[in-house]
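Participant:
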């Protein structure tokens, strides 16, 4: 029997870091890149949270945001960085020390400036991952696409963009309760074992990928996904972002015999 979606209020999980908050909200807002692509991408992504189910009423309370996920088909499958789902999750509703894996989806979409949302939450499972590739494919129970939500699935790019191409990535950094978009540019493509990683430089130096951005989709101006954020640079690479490329994602899906369903572009 499929689990039914639960309704909850998605409230700010924690305060922003003071410096990040000042930079992000204190300054005059900068124009978002690719406004239509950003709007459409916001319908495909969501925070992956660790939470508790409380009685009475089966109230679900999120404890923290583990990362970001993005739908790849209308059956409820999504991808994220592999290390996001390797956090401490428990699938037992009776485990008092465990932490249930779930995703939040705002019923009316993610609205700029909103402090809380009327949202549905869905447990997820059946995750497939590879220790050599930092990506995971999971399935949301109850299929959010059957719940009349304002959501869509992404298109994964078939061709690789050239260095210098402007891109953007969107996620839920530092416990943000709404998606944050960062404008970026491709520097190069690096090989790392079985993975190909895009090396990105952020257009704004004070907006590198913060914790919670792992799994964030990286996309072009036409909205097609070219990768997902897997880590941020440190030390000499400070200010850079590293994203698993779409060709590595496709190779992972093929290797594990996962059928990537074609999806229609968001309208």
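Residue numbers (this note's numbering): 117 to 383. Cβ coordinates follow ideal geometry from the N, Cα and C atoms, glycine included.
#1: When DSSP builds the beta bridges, which residues end up paired with residue 156?
#2: Could you give the distance in angstroms between the alpha-carbon of residue 73 and the alpha-carbon of residue 370?
#3: Where residue 217 and residue 345 are concerned, what is the direct C-alpha to C-alpha distance, given to the nearest angstrom?
#4: What are the boundary residues of the alpha helix (DSSP H) that residue 363 is part of?
#5: Is residue 197 helix, strand or coil by DSSP?
#6: Alpha carbon to alpha carbon, what distance is there between residue 246 and residue 157?
#7: Could you check the C-alpha separation between residue 292 and residue 226 for me, to the nearest Å?
#8: Can you tell which of 301, 333, 196, 329 has its C-alpha closest to the C-alpha of residue 80?
#9: May I ask you to report which of helix, strand or coil DSSP gives residue 176?
#10: Using alpha carbons as the reference points, say which of 372, 198, 229, 186 lies closest to residue 220.
#11: Would you mind reading off the limits of the beta strand (DSSP E) that contains residue 236?
#12: When you compare the CB positions of residue 270 and residue 360, do they come within less than 8 Å of one another, or not?
Facilitator: Reading off the structure:
#1: Within the chain shown, numbered from 1, the residue matching residue 156 stands at position 40. In the DSSP output, where bridge partners are listed per residue, residue 156 has none listed.
#2: Here the chain covers residues 117 to 383 and nothing more, so residue 73 does not appear.
#3: The count along the chain shown starts at 1 and reaches residue 217 at position 101. The count along the chain shown starts at 1 and reaches residue 345 at position 229. About 20 Å.
#4: Working through the chain shown from its first residue, we reach residue 363 at position 247. Per DSSP, residue 363 belongs to the alpha helix (DSSP H) from 362–371.
#5: On the chain shown, residue 197 is found 81 positions in, with the first residue counted as 1. Note: residue 197 maps to coil in three-state DSSP.
#6: By one-based count along the chain shown, residue 157 stands at place 41. By one-based count along the chain shown, residue 246 stands at place 130. Each residue's Cα considered, the two are about 26 Å apart.
#7: Working through the chain shown from its first residue, we reach residue 292 at position 176. Working through the chain shown from its first residue, we reach residue 226 at position 110. If I take the Cα positions, the gap works out to 12 Å.
#8: No answer is possible for residue 80: the residues shown for the chain start at 117 and end at 383.
#9: Numbered from its first residue, the chain shown carries residue 176 at position 60. Residue 176 falls in the strand class under three-state DSSP.
#10: In the chain shown, residue 220 corresponds to position 104, counting from 1. It is 186 whose Cα lies nearest to the Cα of residue 220.
#11: Within the chain shown, residue 236 is the residue found at index 120, counting from 1. Element bounds for residue 236: 232–246.
#12: By 1-based counting over the chain shown, the position of residue 270 is 154. By 1-based counting over the chain shown, the position of residue 360 is 244. Contact: no.
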